[in-house]
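In this note's numbering, the protein residues as written are 6 to 132.
Here a beta-carbon is modelled for each residue, glycine too, at the ideal position from N, C-alpha and C.
Quantities reported herein were computed from a predicted structural model and do not represent experimental measurements.
Read the structure below first, then the notes.
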């Protein structure tokens, strides 16, 4: 299992170093937000058997299969944050590029609506 902070740092420094305009703290915040949303529908393996479940932060361990479900939402959150910052800089004469925050928000709404179905898991019990 990898820590959420490591996954966010890998994204910022190795996967998207050129196109990413967000600092590492903001990228981590988006990863934490996406993980918290996922955890609303599925228990994180790192939190199994722990009552009450600890808060989700950069030290939270995430399995590869959990990250496979969380990552698409994280990417959308990071893209929306970038778009919001670019749109806010318009007043300083910077011409934003890429999709608008509202376009990304519509896709986030759809991804969040699909999450309960994607995150659902029921172990098979044989008698």
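C-alpha gap between residue i and residue j, whole angstroms
i           : j           : result
residue 101 : residue 108 : 14 Å
residue 89  : residue 66  : 29 Å
residue 99  : residue 57  : 47 Å
residue 8   : residue 124 : 19 Å
residue 59  : residue 6   : 17 Å
residue 19  : residue 130 : 41 Å
residue 115 : residue 50  : 25 Å
residue 91  : residue 78  : 20 Å
Integer Cβ distance of residue i from residue j, believed to fall under 8 Å
i           : j          : result
residue 120 : residue 46 : 6 Å
residue 81  : residue 61 : Rounded, the Cβ-Cβ distance is 18 Å, inconsistent with contact.
Outcome for residue i when other beta-carbon atoms lying within 10 angstroms are tallied against a minimum of 16
i          : result
residue 84 : buried
residue 53 : exposed
residue 30 : exposed
residue 55 : exposed
For residue i, three-class secondary structure by DSSP
i          : result
residue 67 : strand
For the region 33-46 against the region 7-21, are there 3 or more C-beta pairs whose distance is under 8 Å? Contact holds: three or more Cβ-Cβ distances are below 8 Å.
Do the region 42-58 and the region 69-80 meet, that is, are 3 or more Cβ pairs less than 8 Å apart? Contact holds: three or more Cβ-Cβ distances are below 8 Å.
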